[in-house]
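**Q** Residue numbers (our numbering), protein chains in the order written: chain A, 1017 to 1168; chain B, 1017 to 1168. We treat Cβ as the ideally placed atom computed from N, Cα and C, and that holds for glycine.
Number of protein chains: 2
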Amino acid sequence: MRGMTDRNDSQESLLALDRQVCFALYSAQLAMSKVYRKLLRELDLTYPQYLVMLVLWEQDGQTVSGIGERLFLDSATLTPLLKRLEGAGLLQRQRSRQDERQVAVVLTEQGHKLREKAEAVPESVMCATQCSPDELERLRDDLHNLRERLAS
Amino acid sequence: MRGMTDRNDSQESLLALDRQVCFALYSAQLAMSKVYRKLLRELDLTYPQYLVMLVLWEQDGQTVSGIGERLFLDSATLTPLLKRLEGAGLLQRQRSRQDERQVAVVLTEQGHKLREKAEAVPESVMCATQCSPDELERLRDDLHNLRERLAS
DNA sequence: GCATCTTATATAGCGCGCGATTTAATCGCA
DNA sequence: TGCGATTAAATCGCGCGCTATATAAGATGC
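1. For B:R1113, name the three-state secondary structure that DSSP assigns.
2. Is the beta carbon of B:F1039 less than 7 Å from the beta carbon of B:L1046?
3. Quick one, are the C-beta atoms of B:L1097 and B:G1084 less than 7 Å apart?
4. Is it right to say A:E1074 is buried, meaning 16 or more other beta carbons lie within 10 angstroms of its own, or is it exposed?
5. In chain A, what lies closer than 7 Å to B:T1124 by C-beta?
6. At least one CB of chain A closer than 7 Å to the CB of B:D1090: is that the case?
7. Can you tell me whether A:T1095 is helix, strand or coil according to DSSP?
8. For A:Q1146, count the other beta carbons within 10 Å of its own beta carbon; 16 or more makes it buried, fewer makes it exposed. Which is it?
9. Please identify the residue among A:Q1036, A:S1029, A:L1030, A:L1067 whose C-alpha is closest to the C-alpha of B:L1152.
10. From what residue to what residue does the alpha helix (DSSP H) around B:A1120 run?
11. Which residues bound the alpha helix (DSSP H) around B:S1049?
12. Say yes only if the C-beta of A:L1067 is nearer than 6 Å to one or more non-hydrogen atoms of the ligand MN, and no if none qualify.
13. Quick one: does B:L1162 have its CB under 7 Å from some CB of chain A?
14. Going by C-alpha distance, which of B:Y1042, B:M1048, B:E1028, B:Q1078 is nearest B:A1120?
15. When you compare the CB of B:V1051 with every CB in chain A, is at least one pair closer than 7 Å?
16. Can you find the residues in the same chain that come closer than 6 Å, C-beta to C-beta, to A:S1049, ignoring five residues on each side of it along the sequence?
17. Pick helix, strand or coil for B:L1030, following the three-state DSSP scheme.
18. Which of the three DSSP states, helix, strand or coil, is assigned to B:T1079?
19. What residues in its chain sit with their C-beta under 8 Å from that of A:Y1066, if we drop five residues either side in the sequence?
20. Can you tell which of B:D1090, B:E1125, B:Q1027 has the C-alpha that lies nearest to the C-alpha of B:A1104?
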């Protein structure tokens, strides 16, 4: 009966924490956001705010739902976040003329300028992962794949 | 100059959203938690609550910080969560006799019983991922690895 | 024995993420 | 033209996850 404690029994179970992909994903994401929190403090951005800025640096003037489709977030999450970024002077929210339902999100001078500071972030993160670029690309593609399958 | 739009230029940049491992991780985690939300509605658990239950099903009677070490969460997150689980009748929080600073978290009858319902969850999730067990194990190990490196 | 340090938990406040609902603008179609 | 259906944002409420701080119990040193 050696080793037959509750703990060891449970390692065999499908419910064992360390066997769950979900927990591996969850805890890796927590760890990643901790790394970003530290790096982004210098830019006065939160991690989701940084993602929104990435979207806008790619293409300025997108609508709220356009940003949402890119990040898989809805207006309930984005509206308050965008208001905070507007409050910080990084962007402006303006109702579209053609379709008054839509709100275009446009970077300010300051918002564009922040990009320069942000350029340093990806390298710091890659360094923090202690992974090779190849490993990271593979993991990234696996995760994109997983996301797509989970969403279907 | 064909194809030289803002958007295409930015795909080359290190800041391109779709090149970020962080975003792949973030969006996969969002998608995963959506899958769990749906499945866990039947158990009246949130995703983090489910993780806490996994920890307690593995070993009952752990302290708050013991659970926290396992899940990489601290008391600021766990205390309110545990109070909600206590309110739902799944566990009890009791101060330790030996060390009055510690709080032991003990499953109730109902908390133990919920495990039976939970047994069905992992298979549903594996199905939702549309991945082979091998693929999932590899991804899980890669993520554990990443988490460890990020935390160091 | 007592002050000081450390540790375990709890609390307060903020920013997500999201389900549910609301408001307002546009579309479809008779 | 007008009216119901659809769409885009916004709002509300809740549960995390975290920083900072508080409280209280144990450990340590003199």
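**A** Answer, in terms of the structure:
1. Three-state result, B:R1113: coil.
2. Cβ atoms of B:F1039 and B:L1046: not closer than 7 Å.
3. No, Cβ-Cβ distance for B:L1097 and B:G1084 is not below 7 Å.
4. A:E1074 is buried by the Cβ-count criterion.
5. None at all; the shortest Cβ gap to chain A is about 17 Å.
6. Answer no: the Cβ-Cβ gap between B:D1090 and chain A never drops below 7 Å.
7. Looking at A:T1095 - three-state DSSP - the assignment turns out to be helix.
8. Exposed, by the Cβ-count rule.
9. Considering only alpha carbons, the answer is A:Q1036.
10. Not the alpha helix (DSSP H): B:A1120 falls in the beta strand (DSSP E), residues 1119-1123.
11. Its alpha helix (DSSP H) spans residues 1037-1056.
12. Ligands in the displayed structure: none, and consequently the ligand MN is not present.
13. Interface annotation, B:L1162: in contact with chain A, CB-CB separation under 7 Å.
14. The shortest C-alpha separation from B:A1120 is found at B:Q1078.
15. Taking a beta-carbon distance threshold of 7 Å, B:V1051 counts as an interface residue toward chain A.
16. So the list reads Y1063, once near-sequence residues are dropped.
17. In the three-state scheme derived from DSSP, where H, G and I count as helix and E and B as strand, B:L1030 is classed as coil.
18. It is a strand residue.
19. Within the same chain, A:Y1066 has close Cβ partners Y1052, L1056, L1059, A1134, V1137.
20. Ranking the options by Cα distance to B:A1104, first place goes to B:E1125.
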